[in-house]
Structures are given as C-alpha cells and as structure tokens.
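Protein chains: 2
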Amino acid sequence: MTSSTQRRRGRKPRLSQPLIVGAAMRVLARDGLDGLTIRGIAAELGVKSASLYWHFPTRDALVDRLADELIAGLPTERATTADWRTSLRDGSCELFRRLTSVRDAARVRSGRLVTGPNTLRWMEAGLDLFRRAGLNEVAAAYASHAVHVYTVGFVLFTAAPLSAGASREAALSAARGAFAGLERATYPNLVAMAGPLTEGAPETRFLYGLDRLIDGIALDRTT
Amino acid sequence: MTSSTQRRRGRKPRLSQPLIVGAAMRVLARDGLDGLTIRGIAAELGVKSASLYWHFPTRDALVDRLADELIAGLPTERATTADWRTSLRDGSCELFRRLTSVRDAARVRSGRLVTGPNTLRWMEAGLDLFRRAGLNEVAAAYASHAVHVYTVGFVLFTAAPLSAGASREAALSAARGAFAGLERATYPNLVAMAGPLTEGAPETRFLYGLDRLIDGIALDRTT
DNA sequence: ACCTGAACACCGTTCAAGT
DNA sequence: ACCTGAACACCGTTCAAGT
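Protein chains in written order, with the working numbering: chain A, 2 to 224; chain B, 2 to 224.
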C-alpha cells in the first residue's frame with residue numbers, strides 16, 4: 002500500500018522531470034520506442050497525459066532527454082596507463098553493451114543530435130583519447146565520429162528484428178533459411194554463407210569490424 | 002487535363018503495387034518518413050486510404066518495399082579489372098550518395114531487415130567482392146556487414162537534423178556554437194575542435210572512416 | 001505553480017457495402 | 001476483383017478550468 006502501489010495510485014504524484022524520465026525508461030524497456038506514448042508514460046505515473054506537458058514541451062523533447070540518459074554512467078575516465086587502442090576498444094564495447102541492454106536504445110539515439118551532458122562527456126572522452134594517441138584535430142574528430150557511427154549503427158541493425166516484434170532467434174533462423182533457399186546460380190555467396198551471415202554472437206561480430214576500424218586508424222596515425 | 006492531372010483527379014486510378022510505391026517515394030521525398038502516411042499516399046494517388054490495403058497488408062509492408070526500392074539500380078557489376086579496394090570504396094560511395102539523395106532514406110533502411118531483390122543483389126555483390134579479395138567465409142560476412150553498417154549509420158547521423166526539420170547548415174552552426182561555448186575546463190577538446198567536428202563535406206568525413214575500415218580489412222587479409 | 005477534463009486534428013486499420 | 005464510406009481505437013497536443 003506504500004511505495005509499490007504509490008506509483009500507480011499515489012495520493013500526490015508530485016511530478017518532476019527525473020520522475021517522468023524514469024517512468025519513460027520503464028515504458029521504453031517494456032514496450033519499445035513505438036510503444037512509448039505520452040499516454041502510456043502518464044499511466045505509468047498514475048497521472049493524466051496532459052500533465053506531462055507542464056514538464057516537457059513535446060514528446061520529442063522527452064525522447065531527446067531519454068537519448069542522453071541512456072548512456073548515463075558510462076565510464077569515461079580510463080586509466081592513462083592503458084594504451085589508446087585498448088581504451089577505445091573497451092569503451093566502444095561498453096557503449097555497445099549499454100545500447101544492447103535496453104530495448105530500442107540505438108533507435109532512440111540514432112537519427113537525432115543528442116547534446117545532453119552524458120553525451121558531451123562521452124564525446125569529450127573520445128576526442129581526448131584520439132588526441133593522446135597522436136591524431137591531429139581533424140583526424141581525431143573524424144575518427145571519433147566513425148567509431149561512434151559504427152557502434153550505434155551495428156546495434157541498430159542487430160536489434161532490427163527485436164524492434165519489429167520478432168524474437169532474435171526466430172528472425173535469424175528465418176533469414177538463414179531464406180538465404181540458403183535462394184537460387185545458387187544468382188546468389189552463390191548468399192547461399193554458401195547463409196551460416197556465417199546469421200550465426201555468431203553479436204558482440205563477436207561487432208568486434209570484428211571494430212578491430213578493423215581501430216587497425217585502420219592506427220595505420221593512419223603512423224603514416 | 003491528361004496525365005498531369007490524372008494523378009489527382011483521374012477517372013480510373015487503377016491502382017497497382019508499382020504505382021503505390023512510386024507515389025510513396027514522392028511523398029517520402031517531400032514529407033519525410035514521419036510524413037509518409039497511408040492517407041497522404043492515397044491523396045497523392047487521388048484515391049481513398051482504405052484502397053491501399055488491397056495491395057499492401059500494412060503500412061510497414063509498404064515501407065519494407067520502399068526500403069528495398071531505394072537502392073534499386075545501384076551498380077553491382079564491377080569491372081573485375083579494378084582491385085577489390087577500389088571496388089569496395091566506389092560501391093560504398095555509390096550507396097552513400099543514394100542514401101543521401103532521398104530524404105530519410107537511411108532511416109527507412111535502418112532498423113528493419115530488408116530482404117528485397119535489390120538488397121539481396123547488393124549483399125551478394127559485397128560478399129563476392131570480399132571472397133575474391135581472399136577473405137574466408139566468416140571474415141567476408143563480417144566485413145561486408147561492417148562496411149554496410151558504417152555506411153548506413155553515417156548517413157543516418159548526417160541526416161539527423163534534416164529529419165528533425167532543421168536545415169543542415171543551421172543545425173551544424175548551432176552545434177558549432179554550442180561546442181565552442183562549453184566550459185573549457187571540463188570540455189577542452191570539444192571547445193578546441195568545434196570547427197573540425199562540424200565542418201567539412203559529409204562525403205569527405207564519410208570517406209575518412211571508410212578508408213580506415215578498408216585499410217583494417219586489408220591488414221586482416223594479409224596477416 | 002501544477003494538474004485535470006475535454007476536446008482537436010490527426011493516425012493505421014477494418015469491414016460492410018458498392019461497382 | 002477492386003475501391004469507397006464510415007467507423008474504431010488509438011495518437012500528440014492544446015487550453016480553459018480547477019486546486
């Protein structure tokens with residue numbers, strides 16, 4: 002009758018931005034981005050939908066805030082003893098795991114320019130890392146963006162079937178069957194590689210490209 | 002009174018999947034993905050919205066089709082004389098330009114598993130390229146996906162302000178001002194690199210990461 | 001200052017009815 | 001077989017009204 006039900010039938014909801022963000026996070030995790038409605042968030046708070054507009058001007062502003070909050074607490078202070086390649090790899094993995102752990106997190110962050118404090122901190126750390134690695138300003142800016150784009154983009158593609166509602170296993174096995182069932186004459190590689198294209202842990206697949214990207218940046222640094 | 006007005010007030014609309022796809026493409030280019038409504042497409046065809054459901058089961062199925070159609074005609078037959086690095090670079094650039102040329106094209110293609118014929122052809126060509134380059138099946142599958150993810154992801158981030166409604170110049174100059182105006186003590190790199198972070202042609206920035214990725218893959222091939 | 005009631009202008013989708 | 005009329009259950013958002 003106290004804090005557990007207070008959320009749904011509390012006497013004085015006493016809204017606030019953090020409270021709304023928290024409720025929105027729960028709805029996002031449960032229903033995904035398409036299910037993240039103002040009305041749904043209000044219901045989660047035991048409040049009427051119009052109330053939220055006192056604290057956020059639009060739904061989009063709330064999602065912007067969510068996008069920044071999604072990467073809150075990500076470690077940005079790396080031991081300076083670790084070399085830049087390890088730091089970059091570990092940091093990108095950290096971001097990868099965070100985006101993978103919340104439903105539609107990559108979708109929330111993609112397609113919008115996030116300028117919240119957590120994102121700024123994350124960007125600053127990335128740039129710092131590349132500068133310490135010896136890249137000039139332009140290269141550091143471009144390289145940092147490239148790694149970020151690759152990371153978010155990868156999660157976006159990996160989570161695509163989940164966002165659509167299907168389970169990951171079902172979607173992948175369906176895709177594997179589709180590839181394997183194509184005409185061998187016109188799609189020899191898709192048929193032959195139906196396995197590699199759809200198997201393997203997401204993080205392993207992610208790391209392959211990440212390591213290639215880091216190798217390429219390292220090469221650019223030395224030449 | 003003939004073909005120009007026929008679209009809006011034609012006597013016998015005589016719908017078909019290609020006709021609907023064409024109209025949807027025009028609406029997408031004009032109003033973006035958020036403005037791509039069944040009612041809007043129907044209006045573009047001079048038809049009632051319910052009519053479209055005879056030809057497509059859901060809006061999502063239509064957008065799936067659009068996603069595949071967006072990369073129709075992209076060259077997949079490369080001169081075998083060109084080395085794989087040049088082919089890969091040119092091909093990715095081609096995709097980059099196509100996705101950049103239609104509003105929200107990257108958004109339409111991201112977050113969904115496209116299995117249309119144009120996409121299959123494109124995938125097959127990518128895999129073939131990496132196999133001819135000497136990568137094994139797993140590496141070819143992973144590398145191909147990495148390059149694709151990077152390309153679509155890059156366009157997605159570049160087009161973010163456009164999708165939100167703002168002009169690209171306005172959004173970038175706003176971002177530049179925001180970076181430059183941060184506290185130097187906590188965000189030294191963002192302040193110092195406000196220029197490089199927001200200037201430069203999109204394609205130049207895209208090519209930096211693409212070339213690093215290709216370099217890294219080439220390195221993986223030789224070791 | 002903060003929340004509610006009630007409405008507005010939209011959506012995707014369905015389905016009986018027309019032709 | 002193919003299209004329309006009319007409705008259903010939703011949206012985000014606004015705003016006068018309550019407290």
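Here a beta-carbon is modelled for each residue, glycine too, at the ideal position from N, C-alpha and C.
Interface flag, residue i vs chain B, CB-CB below 8 Å
| i | result |
| --- | --- |
| P19(A) | no |
| P162(A) | yes |
| L220(A) | yes |
| S111(A) | yes |
| P58(A) | no |
| A48(A) | According to the sequence displayed, residue 48(A) carries Val and not Ala. No, because no Cβ of chain B sits closer than 8 Å to the Cβ of V48(A). |
| T116(A) | yes |
| S93(A) | no |
| P197(A) | yes |
| R66(A) | no |
| M26(A) | no |
| G210(A) | yes |
| L128(A) | yes |
| L29(A) | no |
| L191(A) | yes |
| A134(A) | no |
| R206(A) | yes |
| V1(A) | The question about residue 1(A) has no answer here: the residues shown for chain A are numbered 2 through 224. |
CB contact check: residue i to chain A, cutoff 8 Å
| i | result |
| --- | --- |
| D216(B) | yes |
| M124(B) | yes |
| N119(B) | no |
| T101(B) | no |
| E170(B) | no |
| L63(B) | no |
| R108(B) | yes |
| A227(B) | Residue 227(B) is absent from the structure shown; chain B starts at 2 and stops at 224. |
| F97(B) | no |
| E138(B) | yes |
| G154(B) | yes |
| L157(B) | yes |
| R213(B) | yes |
| S5(B) | Summary for S5(B): the model assigns pLDDT 33, below 50, so the residue's position carries little reliability, and this model does not support an answer. |
Buried versus exposed, by CB contacts within 10 Å (16 or more), residue i
| i | result |
| --- | --- |
| S168(B) | exposed |
| Y209(A) | buried |
| E184(A) | exposed |
| Y188(B) | buried |
| T152(B) | buried |
| P76(B) | exposed |
| P19(B) | exposed |
| G182(A) | exposed |
| G154(B) | buried |
| A161(B) | buried |
| A140(A) | buried |
| S5(A) | Because S5(A) sits at a pLDDT of 33, beneath the cut-off of 50, its placement in the model cannot be relied upon, and the following sentence gives the value as read from the coordinates. Classification of S5(A): exposed, given that the 10 Å Cβ count is below 16. |
| G166(A) | exposed |
| R98(A) | exposed |
| A83(B) | exposed |
Neighbourhood of residue i by C-beta, 7 Å cutoff - its chain only, sequence neighbours within 5 removed
| i | result |
| --- | --- |
| L157(A) | A107, R108, S111 |
| G11(A) | Here the model assigns G11(A) a pLDDT of 42, short of 50, so the residue's position is not dependable, and the following value carries that caveat. Counting only Cβ-Cβ distances below 7 Å, and skipping sequence neighbours, we find G47. |
| R9(B) | With a pLDDT of only 42 at R9(B), under the threshold of 50, the placement of this residue in the model should not be trusted; the figure read from the coordinates follows. Within the same chain, R9(B) has close Cβ partners G47. |
| A144(A) | F131, L136, I218 |
Nonlocal neighbours in the same chain, by C-beta distance under 8 Å from residue i, ignoring five residues either side
| i | result |
| --- | --- |
| I21(A) | I42, L46, L53, H56, F57, L63 |
| E70(B) | V22, M26, G117, N119 |
Close beta carbons around residue i, own chain, < 6 Å, minus the five adjacent residues each side
| i | result |
| --- | --- |
| P203(A) | T159 |
| L37(A) | V28, L29 |
| G127(A) | S145 |
Practice task
Could you tell me which uninterrupted alpha helix (DSSP H) segments, each at least 4 residues in length, are contained entirely in the region 86-153 of chain B, listed from first to last along the chain?
Solution key: Runs of alpha helix (DSSP H) with 4 or more residues, each lying fully within the region 86-153 of chain B, are found at 106-110, 118-133, listed in chain order.
Practice task
Scan the region 9-41 of chain B and note each continuous alpha helix (DSSP H) run of 4 residues or more that stays entirely inside, going in chain order.
Solution key: 18-32
Problem - Minimum length 4: unbroken alpha helix (DSSP H) runs contained in the region 155-195 of chain B - result: Here the runs fully enclosed are 161-165, 169-181, 189-193.
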